[in-house]
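Visitor: Numbering-wise, my numbering comes out as the position in the sequence shown, counting from 1, plus 273.
Ideal Cβ placement from N, Cα and C applies to all residues, glycine included.
As the structure is a computational prediction, the values presented were derived from the model and not from experiment.
Below is one structure. I have some questions about it.
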Amino acid sequence: MTDRRIAAGVVLLGGVLTAVSCSLDMYVTRYSGTSPGLSVFFSLWGVTSDAPGYPATRTTMSAALPVLLAAGVMVLAAVCALAGEKIARTARIVTVVGAGALFGVVLAFVVEVRYWDAVLAKVEHDPQSSYEQTSLPGLYLLAAGALVGLAGAVLAHRSRPPDVGPAAGRTGNAEPAGNADDATPPFGIPVGEQEAR
């Protein structure tokens with residue numbers, strides 16, 4: 274396997290990027306031509322607006338809790354990967370589950386955002402008003418966290434390259450394994466010389 278610390282670091286980075294993105298706005302919709310212009314900001318937690326008199330609703334939207342849960346599983350996977358060889362298989366399984374769940378939730382959220390953008394763009398507006406949706410850094414950070422998490426899951430399952438070089442055939446002692454002068458084979462039973470009959 275790839276060095277566990279590298280894979281754990283990448284998985285942890287994916288979880289942290291995702292968790293940080295949860296505190297940011299994902300996208301904004303702007304309606305111009307109205308008096309005054311209306312901007313509505315969407316995050317994973319709710320909807321706010323800069324228009325006077327617009328109620329600030331901070332409700333839990335459908336994506337906030339699954340994203341945080343998947344980010345928590347990614348952090349747990351990184352901790353398991355660093356714990357040692359005894360739970361390495363469990364760490365790889367938890368990594369795949371966390372990365373898959375995170376990617377699925379993020380993909381569903383991004384598809385939903387794009388869908389509503391297409392729907393609202395086709396709705397008939399006042400001819401003097403316009404509608405525009407802009408993605409904000411939170412959405413990009415969320416997508417980056419999901420992709421980095423997937424990369425960490427792939428790294429956790431990659432085979433370790435074979436050892437090469439002078440230290441490749443060495444055991445715990447200073448003698449190379451498989452020395453031609455050694456009469457003891459690798460399985461440990463010494464074999465005497467064959468006598469001619």
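From V289 to P400, what distance separates their C-alpha atoms?
Guide: Straight-line spacing of the CA atoms in V289 and P400 works out to 44 angstroms.
Visitor: Comparing C-alpha positions only, which one of V421, A424 and S403 sits nearest to A305?
Guide: It is worth fixing the name first, because residue 305 is Ser in this sequence and not Ala. Checking every option, the nearest Cα to that of S305 belongs to S403.
Visitor: Using a 10 Å radius around the Cβ and a threshold of 16 neighbouring Cβ atoms, would you call Y388 buried or exposed?
Guide: exposed
Visitor: Of all the alpha helix (DSSP H) runs that stay within the bounds of the segment 317 to 395, which reach a length of 4 or more residues?
Guide: 337 to 356 and 361 to 395
Visitor: Just grab the DSSP bridge partners of S408 for me.
Guide: Y300
Visitor: Less than 7 angstroms between the C-beta atoms of A337 and L317, yes or no?
Guide: yes
Visitor: Taking 6 angstroms as the limit between beta carbons, can you name the residues of its chain near F315, skipping five residues before and five after?
Guide: Excluding sequence neighbours, F315 sits near M299 and Y300.
Visitor: Ignore the nearest five residues each way along the sequence and tell me which others in L414's own chain have a CB closer than 6 angstroms to its CB.
Guide: L290 and S294
Visitor: Exposed or buried, which one is L423 when buried takes at least 16 other CB atoms within 10 Å?
Guide: buried
Visitor: To the nearest angstrom, how far is it from the Cα of V427 to the Cα of G418?
Guide: 14 angstroms
Visitor: Below 8 angstroms CB to CB, which residues in the same chain sit around N446 once its five sequence neighbours on both sides are set aside?
Guide: With a pLDDT of only 49 at N446, under 50, the local geometry of the prediction cannot be trusted, and no value is derived from it.
Visitor: DSSP three-state call for S402: helix, strand or coil?
Guide: coil
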